[in-house]
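Numbered according to the working numbering, the sequence shown spans residues 1 to 167.
Presented below is the structure to which this report refers.
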Amino acid sequence: MDNVFISMGSNLGDKIGNCRKAVNEIAGFCEVIRVSSLYETEPVGKEDQPNFINCVSQIETNLSPHKLLKKLNSIEEKLGRVRHEKWGPRTIDLDIIFYNDLIINESDLIIPHPRAHLRRFVLEPICEIAPDFIHPGLDSSVLELLKLLEDNKGVVKLDEKFTILQQ
């Protein structure tokens, strides 16, 4: 089984519900090992939109990276994601952050996620569930990468507990 970290974010509709639904959809075809707490985060890239709810799930899967990406894209579509604006609002965004220690750089898939090490809303949830995970391209733990970020605003851990529904 392959060890994968998936980030998710939502800033439209029932944001917490969208993240919960996404995790439960993922649990239908792989094993969800851990899910971070939920975080409310300010938007990045395009700031004139609602705040996001973000979290990270650690999964184990037998799917190849490309097949996993297709499954995640179909979940996004099922949950109402419409791709019309880069960094625009969305019901759900699912990104493969790490897939074992693989490094893939293709037009349709880049792993590790190219901006993961710069995003507190990705690193903080991963640190909560796997602080010692080593970023394969940078040879540093996610905790070390988080400590390097100067900006510590815009990411607030929520008290909301994350539960996975039984399939």
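Backbone N, C-alpha and C define an ideal beta-carbon position, used for all residues, glycine too.
None of the values given here were measured: they were computed from a predicted structure.
Residue closest to residue i, alpha-carbon to alpha-carbon, out of the options
i, options, result
"K46", "V142, N11, F5, H66", "N11"
"H117", "F98, I129, S107", "F98"
"K147", "R120, R90, F133, T91", "R120"
"V32", "L149, E150, T91, I6", "I6"
"C19", "Q49, D48, T91, P43", "T91"
Supposed contact pair residue j and residue i - C-beta distance, whole angstroms, cut 8 Å
i, j, result
"N3", "N100", "6 Å"
"P131", "L143", "4 Å"
"L145", "L109", "L145 to L109, Cβ: 21 Å. No contact."
"I75", "L94", "6 Å"
"T61", "G154", "With a Cβ gap of about 31 Å, T61 and G154 do not count as contacting."
"I96", "P65", "7 Å"
"N51", "G9", "Not quite, the Cβ-Cβ distance comes to about 10 Å (not below 8 Å), so this is no contact."
Distance between residue j and residue i (C-alpha atoms, nearest Å)
i, j, result
"R81", "D14", "13 Å"
"C30", "K78", "18 Å"
"Q58", "A22", "13 Å"
"D48", "P89", "9 Å"
"L149", "V44", "15 Å"
Own chain, CB closer than 6 Å to residue i, minus 5 neighbours either side, in chain order
i, result
"N152", "none"
"I103", "P136, G137"
"I134", "S141"
Same chain only: Cβ atoms within 7 Å of residue i, ignoring 5 sequence neighbours per side
i, result
"K157", "S37, Y39"
Cβ contact check for the region 101-113 and the region 36-43: 3 or more pairs under 8 Å:
Contact between the region 101-113 and the region 36-43 is absent: fewer than 3 CB-CB pairs across the two stretches fall below 8 Å.
Whether or not the region 69-81 and the region 123-138 are in contact is what I'm after, with contact meaning three or more pairs of Cβ atoms, one per stretch, closer than 8 Å; do they touch?
no
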